[in-house]
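Undergrad:
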Amino acid sequence: MSHFGRSGPPDIRDTYSLLVLNISFRTTADDLFPLFDRYGKVVDVFIPRDRRTGESRGFAFVRYKYADEAQKAVERLDGRNVDGRNIMVQFAKYGPNAERIHKGRIVEVIPKTKGRSRSRSPRPSRYRDSYRDRDQRRRSRSRSRGRYENDKYYDRERDYRHRSRSRSGSPDYYRGRGRDDRRSRSVSYDSASPVRRSPSPGRSPTPRRTPPSSPEKGSHGARSPPSKSASPQGRRAVSRSPSRSSNED
DNA sequence: GTTGAGCGTT
Numbered sequence: 373m374s375h376f377g378r379s380g381p382p383d384i385r386d387t388y389s390l391l392v393l394n395i396s397f398r399t400t401a402d403d404l405f406p407l408f409d410r411y412g413k414v415v416d417v418f419i420p421r422d423r424r425t426g427e428s429r430g431f432a433f434v435r436y437k438y439a440d441e442a443q444k445a446v447e448r449l450d451g452r453n454v455d456g457r458n459i460m461v462q463f464a465k466y467g468p469n470a471e472r473i474h475k476g477r478i479v480e481v482i483p484k485t486k487g488r489s490r491s492r493s494p495r496p497s498r499y500r501d502s503y504r505d506r507d508q509r510r511r512s513r514s515r516s517r518g519r520y521e522n523d524k525y526y527d528r529e530r531d532y533r534h535r536s537r538s539r540s541g542s543p544d545y546y547r548g549r550g551r552d553d554r555r556s557r558s559v560s561y562d563s564a565s566p567v568r569r570s571p572s573p574g575r576s577p578t579p580r581r582t583p584p585s586s587p588e589k590g591s592h593g594a595r596s597p598p599s600k601s602a603s604p605q606g607r608r609a610v611s612r613s614p615s616r617s618s619n620e621d
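Each residue of the first sequence is one higher than the one before, starting from 373 at the first, in this note's numbering.
(1) Whose C-alpha, out of Pro468, Gly467, Asn453, is nearest the C-alpha of Val461?
(2) Alpha carbon to alpha carbon, how far is Asp402 from Gly426? Give it in angstroms, no decimals.
(3) Kindly indicate which residue of Asp450, Gly467, Lys437 has the alpha-carbon position closest to the one of Tyr388.
(4) Check Ala442 in the structure and name its three-state DSSP category.
(5) Who are the near neighbours of Asn458 in its chain, counting only those whose CB is closer than 7 Å to its CB and skipping five residues on each side?
(6) So, at 7 Å on beta carbons, what are the nonlocal neighbours of Lys444 in its own chain, with the 5 sequence-adjacent residues on each side left out?
(7) Quick one, which of Ala464, Val446, Phe431 has its alpha-carbon nearest Ser396's?
(8) What residue range does the beta strand (DSSP E) around Ala470 cover?
(9) DSSP puts Gln463 in a beta bridge; with which residues?
(10) Do you know how far the Cα of Asp409 is from the Cα of Arg424?
(11) Buried or exposed for Arg435, please, with buried defined as at least 16 other CB atoms from any protein chain shown within 10 angstroms of its CB.
(12) If I measure Cβ to Cβ from Arg477 and keep anything under 7 Å in the same chain, skipping five residues before and after, which residues do I get?
(13) State the Cα-Cα distance for the pair Val446 and Ala470, rounded to the nearest angstrom.
(14) Please classify Asp409: does DSSP put it in a helix, a strand, or coil?
(15) Using a Cβ-Cβ cutoff of less than 6 Å, which residues in the same chain neighbour Leu449 once the five nearest sequence positions on both sides are dropped?
(16) For Asp416, is the classification buried or exposed, using 16 other Cβ atoms within 10 angstroms of its Cβ as the cut-off for buried?
(17) Ser403 by DSSP, collapsed to three states: which one?
(18) At which residues does the beta strand (DSSP E) containing Asp416 begin and terminate?
(19) Compute the Euclidean distance between the alpha carbons of Phe463 and Arg472, then round it to the nearest angstrom.
(20) Have a look at Ile419, Thr399, Arg421, Lys475 and flag the residue whose alpha-carbon is nearest the alpha-carbon of Glu441.
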């Protein structure tokens, strides 16, 4: 537990980040710290976890104080069996802000001023793209892909749950969960109950009161002629097409 | 309770 609460990134300016992949989902930073600390001075160990479930994503970041120790840890811990899983230790390739990292050390990709114009600050607009890329990869990580080898089953089940909720066709279940969590912020992660929100019977998302246009309005002076005066067959044959009559409900 | 390519937090 190196950072739980409000301890952000300590200092990565003089540290070397190692990426540990293929770790168990229940492996915590405390389990990796003593293991990596054996080979050098570990500044901090961070394991990205899911914001919804809070579980580990299966990889961790270990920051060493010196590069030689980090290199040693990579060669020594790479391929080690941790918690029954063969972990893969390697130098981090990208930084927290998607900076280029060489040998675990952050090498700024900013163009060299070389006395050209030191006052000019580069404005890398890659923040947007980098975060977008991360989100896409993150949501692509589904915990159920091998089980649903048949896409039709997966799609059918997904549609079954969202058939009446939202037909926006979002291929992600994050939408529904995100909205549901957003609407009830008082719920905590550990206190999250799997209970579904009670369906609102009086749910009327589109309270359209007056129609935007009435073709019959102004023609006869009355938009709703008496039923006994006008037969439904006559109205349907005039204003409604037989093919679109099924849409009326 | 499940899963398994990849690159990170106040």
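Here a beta-carbon is modelled for each residue, glycine too, at the ideal position from N, C-alpha and C.
TA: In terms of the structure at hand:
(1) Here residue 461 refers to the residue found at position 89 when the first sequence is read from its first residue. Here the closest residue by C-alpha is Asn453.
(2) On the first sequence, residue 426 is found 54 positions in, with the first residue counted as 1. On the first sequence, residue 402 is found 30 positions in, with the first residue counted as 1. Going by the C-alpha atoms only, they are around 16 Å apart.
(3) The sequence position of residue 388 within the first sequence is 16, counting from 1. Ranking Asp450, Gly467, Lys437 by Cα distance to Tyr388 puts Lys437 first.
(4) For the purposes of this step, residue 442 is taken as residue 70 along the first sequence, with counting starting at 1. Ala442 falls in the helix class under three-state DSSP.
(5) The residue you call residue 458 lines up with position 86 of the first sequence. Result list for Asn458: Asn394, Gly451, in chain order.
(6) In the first sequence, residue 444 corresponds to position 72, counting from 1. Closer than 7 Å at the Cβ level, and outside the excluded window around Lys444, lie Tyr411, Gly412.
(7) Taking the first residue of the first sequence as position 1, residue 396 is located at position 24. Answer by Cα proximity: Phe431.
(8) Numbered from 1 along the first sequence, position 98 holds the residue referred to as residue 470. Note, Ala470: premise wrong, no beta strand (DSSP E); not H, not E.
(9) Residue mapping note: residue 463 aligns to position 91 of the first sequence, counting from 1. Note that residue 463 corresponds to Phe in the displayed sequence, not to Gln. In DSSP, Phe463 forms a bridge with Leu390.
(10) To locate residue 424, count along the first sequence from 1; it is residue 52. To locate residue 409, count along the first sequence from 1; it is residue 37. Arg424 and Asp409: Cα-Cα distance of roughly 30 Å.
(11) In the first sequence, residue 435 corresponds to position 63, counting from 1. Flag for Arg435 reads buried.
(12) Here residue 477 corresponds to residue number 105 of the first sequence, with the count starting at 1. The residues are Tyr388, Ala439.
(13) Residue numbering aside, residue 446 sits at position 74 when the first sequence is read from its first letter. Residue numbering aside, residue 470 sits at position 98 when the first sequence is read from its first letter. C-alpha separation (whole angstroms): 21 Å.
(14) The residue given as residue 409 occupies position 37 in the first sequence. Three-state result, Asp409: helix.
(15) By 1-based counting over the first sequence, the position of residue 449 is 77. Excluding positions up to five away in sequence, the list reads Val461.
(16) Locating residue 416 in the first sequence gives position 44, counting from the first residue. By the neighbour-count rule (16 or more Cβ atoms within 10 Å), Asp416 is buried.
(17) As a working mapping, residue 403 is identified with position 31 in the first sequence. Sequence check: residue 403 is Asp here, not Ser. Three-state result, Asp403: helix.
(18) To locate residue 416, count along the first sequence from 1; it is residue 44. Unbroken beta strand (DSSP E) run through Asp416: 414-418.
(19) By 1-based counting over the first sequence, the position of residue 463 is 91. By 1-based counting over the first sequence, the position of residue 472 is 100. Cα to Cα, Phe463 sits roughly 12 Å from Arg472.
(20) Taking the first sequence and counting its residues from 1, one reaches residue 441 at position 69. When each option's Cα is compared against that of Glu441, the closest is Lys475.
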